[in-house]
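So the structure is just underneath, and the comments pick up after that.
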Amino acid sequence: MSVTSVIRVSAPGSVMLMGEHAVLHGHLAIACAVNKYIHLQLTPRTDDQVVIDTALGSYSGSLSRLMSPVEISASPEEQRLSFVLAVVRHWAADLPSGFELTIVSEFSHQVGLGSSAAVTAALTVALSEFSQLRLTLEERFDAALAVVHQVQQGRGSGTDLAASLQGGLIAYRTEPRQITALPGVPPIALWYAGYKMKTPDVLAYVETRAEQQPALYQALYTLMNQTAEAAEQAIRCEAWPQLGHLMNIYQGLLDALGVNDATLSDMIYRLRADKQVLGVKISGSGLGDCIITLGRASVDIPYQAIPVGISPTGTEVSYEQA
């Protein structure tokens with residue numbers, strides 16, 4: 012591509028199948044990309060202006076402002092675009108010019124499909140390509156994770172980033188780094204509780220509880236890891252009833268961790284009553300947001316269904332001559 016090419020990138024959202032919370036302690040997580048996508052288009056400019064248009068808000072400013080080491084108080088609109096602007100700042104010194112950026116999402120940022128990770132993955136790929144760099148998957152991941160940690164004060168395992176970049180089902184660890192594609196396309200569905208607590212706030216809540224019983228919580232994380240490892244083997248054998256049973260076990264561990272609540276419990280037990288559902292658990296940090304089912308329920312429950320399937324593709328890029 013040339014530096015005048017229009018760059019288009021799509022990145023799938025993602026959900027956690029197994030490994031919530033424990034992954035932050037070096038244990039195994041299993042996640043999957045889903046067929047709801049973030050789409051962006053980057054059009055190069057001939058000056059150093061950056062113009063951004065998204066459903067969350069708009070931004071206009073110069074690359075030199077974004078590169079300024081002087082702390083500039085962010086407006087509420089810029090705060091809503093914190094991940095987008097952080098990616099631009101990360102790449103600003105390498106960019107050949109300013110650009111116009113349009114971002115469109117197939118899903119709401121209020122629903123736990125990893126929208127922040129997906130947009131970070133998509134824009135990391137777009138700006139690395141605009142900078143004429145050909146990064147490996149691992150290098151793209153490292154650059155995107157650095158941005159996430161900057162915005163979230165060091166919190167975040169990167170599991171959702173890995174799923175959005177890789178696509179399909181993945182097994183993931185932070186230490187040592189592991190991003191492994193897994194076979195199979197199990198039937199999944201999501202249900203939204205109608206509210207969510209921000210992931211960093213849930214993590215801080217769990218950290219406070221863990222400080223009171225550190226040995227007990229470490230034992231819970233060990234059990235979570237053992238359950239996730241058994242789930243990985245079930246996936247490799249496409250033993251979906253076994254995977255569903257392990258999902259139910261992991262849900263019990265999340266309950267013990269303190270991230271379940273009355274609404275999520277009501278959703279879980281209503282869906283477990285459906286014979287088509289092999290397993291059901293919280294997907295994500297908990298205390299709201301989504302639960303995931305293995306198998307598609309026919310039961311009617313008073314919560315929002317989010318039809319999803321597993322996306323076989325990860326973040327993809329294409330070019331068009333301007």
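Residue numbers (the working numbering): 12 to 333.
Quick reminder that beta carbons are idealized off the backbone N, C-alpha and C, glycines included.
Because the structure is a prediction, the values reported are computed rather than measured.
With a threshold of 6 Å on Cβ separation, who are the neighbours of residue i within its own chain once the five nearest residues in sequence on each side are excluded?
i, result
"I49", "A22, S116, A129, V130, A133"
"D105", "S142"
"L35", "S168"
"T65", "I114"
"E240", "L39"
"E327", "S21"
"Q262", "K292"
"E331", "V17"
Using alpha carbons as the reference points, say which of the options lies closest to residue i.
i, options, result
"G195", "G178, Q287, W102", "G178"
"G205", "I317, T135, V288", "I317"
"E186", "I18, V26, L39", "L39"
"G299", "Y314, R307, D285, G290", "Y314"
"T135", "Y232, V95, A230, M208", "V95"
"I321", "Q52, R76, A174", "A174"
"G295", "K209, S309, R145", "K209"
"L305", "V319, L289, A137, P225", "L289"
"I63", "S79, S75, M78, L92", "L92"
"P323", "Q332, S73, L180", "L180"
"I18", "V61, L138, T233", "L138"
"T274", "Y261, E140, K292, L264", "K292"
"K337", "Q332, Y330, G325, Q229", "The shown model of the chain, from 12 to 333, leaves out residue 337, and the question about it has no answer."
"W102", "G72, G123, E140", "E140"
"V158", "Q237, R100, Q332, Y228", "R100"
"P198", "T219, L227, W251", "W251"
"V319", "L227, V122, E149, D266", "V122"
"T147", "L176, L124, D171", "L176"
Give the DSSP-derived three-state secondary structure of residue i in the structure shown.
i, result
"Y48", "strand"
"G178", "coil"
"V270", "coil"
"Q244", "helix"
"G255", "helix"
"I302", "strand"
"L28", "strand"
"S75", "helix"
"Q189", "strand"
"Q164", "coil"
"Q60", "strand"
"V17", "strand"
"T170", "helix"
"A155", "helix"
"A33", "helix"
"Y261", "helix"
"S276", "helix"
"L67", "coil"
"S142", "coil"
"R283", "helix"
"P323", "coil"
"E82", "With a pLDDT of 48 at E82, under the threshold of 50, the modelled position of that residue is not reliable, and no figure is offered here."
"E331", "strand"
"L39", "coil"
"L289", "coil"
"Y314", "coil"
Kindly list the residues whose CB is nearer than 8 Å to the CB of residue i, restricted to its own chain and excluding five residues on each side of it in sequence; keep chain order.
i, result
"I312", "W202, M278, R281, L282"
"S338", "In the structure as shown, the chain begins at 12 and stops at 333. Residue 338 is therefore absent and cannot be evaluated."
"S75", "D59"
"I4", "Outside the shown range of the chain, which is 12 to 333, sits residue 4, and nothing can be said about it."
"M78", "R100, A103, A104"
"L144", "D105"
"P107", "V14, P55, F141, S142, Q143"
For the ligand HEM, I want to know if residue i counts as a neighbour, meaning its beta carbon is within less than 7 Å of at least one of the ligand's heavy atoms.
i, result
"H36", "The ligand HEM is absent from the structure shown, which contains no ligands of any kind."
Could you name the residues of the same chain whose beta carbon sits closer than 7 Å to that of residue i, not counting the 5 residues immediately before and after it, in chain order?
i, result
"A182", "L39, I41, Q189, T191, L193, E243"
"G37", "R184, T185, E186"
"A308", "A200, L282, D285, Q287, V288"
"E82", "Low confidence applies here, because E82 scores a pLDDT of 48, under 50, leaving its location unreliable and the question unanswered by this model."
"V98", "T131, L134, T135, L138, V158"
(message) At 4 residues or longer, what runs of the alpha helix (DSSP H) sit wholly inside the stretch 198 to 239?
(response) For secondary structure counted as the alpha helix (DSSP H) over 4 or more consecutive residues, the stretch 198 to 239 holds these complete runs in sequence order: 210 to 223.
(message) Give the list of continuous beta strand (DSSP E) stretches no shorter than 3 residues that lie fully inside the stretch 90 to 137.
(response) Every unbroken stretch of the beta strand (DSSP E) spanning 3 or more residues and falling wholly within the stretch 90 to 137 is given here in chain order: 110 to 116.
(request) Inspect the CB distances between the stretch 41 to 57 and the stretch 102 to 114 and report whether three or more fall short of 8 Å. (result) With a cut-off of 8 Å, the stretch 102 to 114 and the stretch 41 to 57 count as touching, because enough Cβ pairs lie within range.
(message) Check whether the stretch 256 to 275 and the stretch 205 to 222 are in contact - that is, three or more C-beta pairs closer than 8 Å.
(response) Yes, since at least three Cβ pairs between the stretch 256 to 275 and the stretch 205 to 222 fall closer than 8 Å, the two stretches touch.
(request) Kindly confirm or deny that the stretch 40 to 47 and the stretch 154 to 163 touch, where touching means at least three C-beta pairs closer than 8 Å. (result) No, the stretch 40 to 47 is not in contact with the stretch 154 to 163.
(request) For the stretch 157 to 177 and the stretch 254 to 262, state whether three or more C-beta atom pairs, one from each stretch, are separated by less than 8 Å. (result) Contact between the stretch 157 to 177 and the stretch 254 to 262 is absent, because fewer than three Cβ pairs lie under 8 Å.
(message) Across the stretch 188 to 203 and the stretch 241 to 251, are there enough close Cβ pairs to call them in contact, namely three or more that are closer than 8 Å?
(response) Between the stretch 188 to 203 and the stretch 241 to 251 there are three or more C-beta pairs closer than 8 Å, enough to call the two in contact.
(request) Would you be able to state if there are at least three C-beta pairs under 8 Å between the stretch 16 to 31 and the stretch 60 to 76? (result) Touching, no, given that fewer than three Cβ pairs across the two stretches are closer than 8 Å.
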